[in-house]
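Structure, as structure tokens:
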Amino acid sequence: MTEIDYDVVVVGSGAGGAMAAYTLTKAGKKVLMLEAGRDYDPVKETPMFNTAREAPLLGKGTPEKPFGFFDATVDGGWEVPGEPYTTGKDSEFRWWRARMLGGRTNHWGRYSLRFSEHDFKAHSRDGFGADWPFEYAELAPWYDKTEELVGICGTNTGLDDMPDSSPGVLQPPPKPRGPELLVAAAARKLGIPSAPMHRAILTRPIDNRAACFYATSCKRGCSIGAAFQTTTSLLPMARATGNLEIITDAMVKSVDVDDQGSVNAVTYIDKKSGNSVSQPARAVVLAASACESARVLLNSKSSHFPDGLANSSGHVGRNIMDSTGAGLSAYIPALRGRPIYNEDGHTANHLFLPWWGHEAQANGELNFARGYHFEMGTGFRDPGTWSPPNLDGYGPDMKRQAKQDYGARVGLALRGEMVPNEHSYMEIDKNVNDKWGIPVVKFHWKWSEQELNQVAHGLQTAKSILTTMGASISSLPTPEEAIRKGGEVIHEVGTTRMGASPKDSVTNQYGQTWDCNNLFVMDGGVFASNPHKNCTLTIMTLAMRNANWLAGQLDKGAI
Amino acid sequence: MDKYPQARLTRRESLKWLGAIAAGLSVPLIHGRDKKPAPGTDAHWPDLNLQPITVAGYGTDPNMMKPETPWPLTMTAEQRELTSLIADILVPREGDKPSASEVSVTDVVDEWISAPYPSFQSDRVKILSGLAWLDDECMQRFDRKFVAAPAEQQLEIIDDIAWEEARSNPRFARMARVLDGLRRLVMTAYFSSPEGTKDIGYQGNVALAGDYPGPTPEALEHLDAALQELGLTDYAYS
């Protein structure tokens with residue numbers, strides 16, 4: 053335990069925690085950050101330019117590094133050694149964690165799309181899930197501020213699924229690649245628009261971060277700071293204020309309360325010594341990830357809160373939503389043997405296909421309520437990451453055949469919105485502790501017809517686009533076969549949702565728990581719904597807005 | 116992570132890959148269950164009694180700046196010689212372009228099948244069985260081990276197993292599947308070498324100053340022709 057009297061203890065150093073700490077320290081508040089993983093410095097630890105050949109097994113995924121050897125994730129993945137989770141009967145759910153400073157922002161896809169007016173009030177429109185306790189207009193200026201600070205490349209499109217940023221906020225996006233232009237044309241023929249993807253990649257330098265030089269996968273992290281991660285941006289900036297202290301290898305077990313039921317401490321395990329430490333706290337921000345924060349709350353039982361802290365609504369751990377995921381790809385004859393040029397770009401989508409079906413949904417033409425988008429997989433990539441398809445024979449002819457297919461594959465990956473359902477939730481498994489003695493999470497999961505119908509629609513659409521490009525696709529999987537398992541898109545949110553009433557939500561619109569006014573949640577747990585547009589930008593935007601509000605409350609002496 | 120499972124695999128294969136690859140799982144190179152062969156078909160499929168590899172992997176926090184493979188290579192000298200020979204039949208030297216074994220593809224295969232992870236151990240059994248099958252087959256046909264046979268005898272066997280039709284011939288189906296997996300590994304390993312990368316023509320992995328330039332004029336010309344051919348010219352992105 054440290055002696056300094058901190059204003060706020062922040063649990064977690066990823067998107068939400070780092071933005072909260074940045075905002076609070078800039079406002080002059082003393083912050084202690086607790087991170088469950090080890091210290092990590094992308095400047096020294098990012099394998100820039102290493103080819104697949106330099107890694108064991110050509111860099112392919114293994115149980116120890118599921119997304120490949122060079123993936124930035126440290127001590128994590130689908131399994132964390134010594135820190136298991138369990139699943140209920142007939143439930144499949146997979147929980148990606150990273151035990152490192154900066155958390156999952158070190159390897160994320162950096163797709164950064166704003167939620168729209170449409171998204172914040174979806175329940176009012178279709179009856180599923182819950183509305184957010186504010187309108188888009190409330191968040192719009194905070195999106196601007198976050199986008200400017202983080203650095204987002206993209207363009208304003210005027211499409212109803214993509215709210216515009218204020219002029220001058222977005223950085224210019226990179227030019228589309230050839231195969232992306234072919235997808236865009238095929239989609240347009242089918243009435244589907246395409247647009248530059250918005251990504252948290254600098255195409256112009258800001259602060260100490262350089263602009264992208266268009267090489268080496270962002271998933272490894274980025275030593276020049278072009279690809280956003282909190283370890284090269286918010287955390288060093290917050291530290292520079294002199295108001296932030298970070299303790300790594302600090303695995304939070306519970307948030308503790310005094311006789312009045314007010315939060316007064318955080319208990320964590322110092323992983324290096326194995327000792328339990330009680331850290332006094334005036335206010336606590338949980339941003340340990342949606343499911344980890346909910347786990348902390350459910351494990352924080354006291355006479356005041358026998359069902360877990362901040363859980364008077366019974367909603368802690370409920371309403372988990374991931375994004376739906378499914379994909380289809382094919383080799384496109386028209387792309388075979390095309391002229392080779394450098395298609396690395398910023399190493400992910402330059403163009404994507406935003407949701408185009410709001411009108412059809414409003415007219416009752418679709419049998420699912422919420423939208424999706426397609427990401428594109430194309431390009432001439434590091435040949436050590438590519439396995440030529442359908443080879444026949446041997447020798448020079450076979451090699452020529454392989455070379456013709458290089459860069460001719462096009463994939464479409466669906467990412468869609470799920471609606472919460474009563475079968476998808478997490479609780480504490482009373483029978484299993486992790487190696488630190490902390491009871492683990494038990495997940496329950498089921499997709500509803502909403503998601504399955506959406507995926508069925510997406511598969512048909514992907515097939516139409518690919519066949520319009522000249523591919524031949526004989527059969528499609530069923531949606532049950534195609535849909536990714538719960539958790540696998542790594543967009544799990546909603547476990548501590550915000551709302552307008554303490555009856556059916558865990559926090560108010562500022563992430564302040566209804567039950568304890570000095571306890572906040574600032575990760576994806578507070579999402580009232582999970583639009584298909586990737587959660588991180590909105591996690592950061594909410595954390596900035598809500599930490600700003602928290603700073604104001606501290607100034608006023610309200611907390 | 117490969118989130119774009121491929122539509123040209125058979126339905127059953129693509130589903131397996133769809134789930135597994137998308138989830139960031141490592142999947143065996145050679146998929147499909149080994150079925151008992153029908154009597155009188157490929158009955159000489161070897162039954163290798165391999166001890167499982169139990170050494171540690173590289174862990175969840177390997178040094179990415181200095182990648183190292185901690186597990187020992189396990190192929191015998193004979194297995195490596197045969198692997199090199201097959202790899203060079205697949206990718207022979209062509210002028211100044213090296214053969215597969217010249218760019219250490221054999222080491223990649225050895226590292227692959229020596230890895231302690233489940234999917235790689237699954238490949239190990241199949242690849243080592245395949246190598247043993249080649250020797251058995253050569254013994255039966257020509258009374259000598261594969262590496263000792265003259266090139267035309269080697270190719271007679273390879274021609275029986277390297278082509279599409281072999282996969283539906285009960286006598287060769289299992290070996291054909293193993294060879295296909297090995298072929299894909301050899302090709303990826305070859306193209307991943309500096310010389311192979313030059314051969315395939317990859318232009319990336321270099322830092323660019325300024326904005327990303329996008330397609331070259333030649334590439335745009337090719338795209339325009341493709342749009343034209345597909346009747347998509349009027350729908351070009353703008």
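Protein sequences, first through last, are from chains A and B. Numbers 53 to 611, taken from my numbering, label the letters of the first sequence in order. Numbers 116 to 353, taken from my numbering, label the letters of the second sequence in order. Beta carbons are placed, not taken as given, at the ideal position from N, Cα and C, and that holds for glycine. Treat the numbers as computed from the prediction; the structure is a model and nothing was measured.
Subject >> C-beta atoms of A/His-543 and A/Ser-375 nearer than 8 Å >> reply: yes
**OP:** Look up A/Ala-79 in the DSSP assignment and say whether it is helix, strand or coil.
**Re:** coil
Original post:
Contact between the segment 295–307 of chain B and the segment 430–446 of chain A: three or more CB pairs below 8 Å?
Top reply: yes
**OP:** Measure the alpha-carbon distance for A/Arg-105 versus A/Ala-237 and round it to whole angstroms.
**Re:** 35 Å
Subject >> Sufficient close CB pairs (3 or more, under 8 Å) joining the segment 398–406 of chain A to the segment 360–376 of chain A >> reply: no
Original post:
What residues of chain B sit near A/Ser-516, judged by a beta carbon separation below 9 Å?
Top reply: Within 9 Å Cβ-Cβ: nothing; A/Ser-516 doesn't reach chain B, min ~13 Å.
Original post:
chain A beta carbons: is any one of them nearer than 8 Å to that of B/Ala-264?
Top reply: no
Original post:
What separation, rounded to the nearest whole angstrom, lies between the Cα atoms of B/Ala-138 and B/Tyr-173?
Top reply: Bear in mind that the predicted position of B/Ala-138 carries a pLDDT of just 47, short of 50, making it unreliable; the figure below should be weighed with that in mind. So the two alpha carbons sit approximately 21 Å from each other.
Original post:
In the structure shown, what three-state DSSP assignment does A/Asn-600 receive?
Top reply: helix
**OP:** Output, in chain order, the set of chain A residues within a Cβ distance shorter than 7 Å of B/Thr-331.
**Re:** Pro-391 and Tyr-393
Subject >> Sequence ranges, beta strand (DSSP E) only - wholly within the segment 456–525 of chain A, length at least 3 >> reply: 461–468, 477–485 and 491–496
Original post:
Does any residue of chain B bring its CB to less than 8 Å from the CB of A/Phe-495?
Top reply: no
Subject >> Three CB pairs or more closer than 8 Å across the segment 381–398 of chain A and the segment 453–472 of chain A >> reply: yes
Subject >> With 16 other Cβ atoms within 10 Å as the buried cut-off, status of B/Gly-346 >> reply: exposed
Subject >> Short CB-CB distance (under 8 Å) between B/Trp-248 and chain A >> reply: no
**OP:** Go through its chain and collect everything with a Cβ distance to A/Lys-241's Cβ below 8 Å, but skip five positions before and after it.
**Re:** Thr-520
Original post:
Beta-carbon separation of A/Glu-131 and A/Pro-115 under 8 Å?
Top reply: yes
Original post:
If you draw a straight line from the C-alpha of A/Val-221 to the C-alpha of A/Gly-210, how long is it?
Top reply: 15 Å
Subject >> Neighbour flag for A/Pro-136 against chain B, beta carbons, 8 Å >> reply: no
Original post:
A/Gly-369 versus chain B: which residues are under 8 Å apart at the beta carbon?
Top reply: Going along chain B, no residue has its Cβ under 8 Å from A/Gly-369, so there is no contact; the nearest lies around 23 Å.
Subject >> Contacts that A/Trp-438 makes with chain B (C-beta to C-beta distance below 8 Å) >> reply: Thr-303 and Phe-306
**OP:** For the segment 229–273 of chain A, list the alpha helix (DSSP H) runs that are entirely contained and at least 4 residues long, ordered along the chain.
**Re:** 230–241
Original post:
How about A/Phe-167 and A/Pro-583: are their beta carbons less than 8 Å apart?
Top reply: yes
Original post:
Which ranges does the alpha helix (DSSP H) cover as unbroken runs of at least 4 residues, wholly within the segment 407–452 of chain A, from first to last along the chain?
Top reply: 410–414
Original post:
What residues from chain A crowd round B/Glu-252, counting only those whose CB sits closer than 8 Å?
Top reply: Within 8 Å Cβ-Cβ: nothing; B/Glu-252 doesn't reach chain A, min ~16 Å.
**OP:** Tell me whether B/Ala-322 is buried or exposed, calling it buried when 16 or more other Cβ atoms sit within 10 Å of its Cβ.
**Re:** exposed
Original post:
Does the segment 296–310 of chain A touch the segment 84–91 of chain A, meaning 3 or more C-beta pairs lie closer than 8 Å?
Top reply: yes
Original post:
Unbroken alpha helix (DSSP H) runs of length 4 or more, entirely within the segment 517–579 of chain A: which are they?
Top reply: 531–534
Original post:
Which bits of chain A does B/Ile-145 rub up against, with CB to CB less than 9 Å?
Top reply: What B/Ile-145 touches in chain A: nothing, since even the nearest Cβ is about 12 Å away.
Original post:
Can you list, in chain order, the residues of the segment 263–286 of chain B whose Cβ is nearer than 7 Å to any Cβ on chain A?
Top reply: Ile-273, Ala-277, Trp-278 and Glu-279
Original post:
If you draw a straight line from the C-alpha of A/Lys-96 to the C-alpha of A/Asn-158, how long is it?
Top reply: 13 Å
Original post:
Using a C-beta cutoff of 8 Å, does B/Ala-322 count as contacting chain A?
Top reply: yes
**OP:** Check whether the Cβ of A/Tyr-58 lies closer than 8 Å to any Cβ atom in chain B.
**Re:** no
**OP:** Tell me, please, whether the CB atom of B/Glu-209 is closer than 8 Å to any CB atom in chain A?
**Re:** yes
Subject >> Beta-carbon neighbours of B/Pro-161, restricted to chain A and to distances below 9 Å >> reply: Per Cβ cutoff of 9 Å: no residues; B/Pro-161 is ~22 Å from chain A at best.
Original post:
If we cut at 8 Å on Cβ distances, does B/Ile-204 have a partner in chain A?
Top reply: yes
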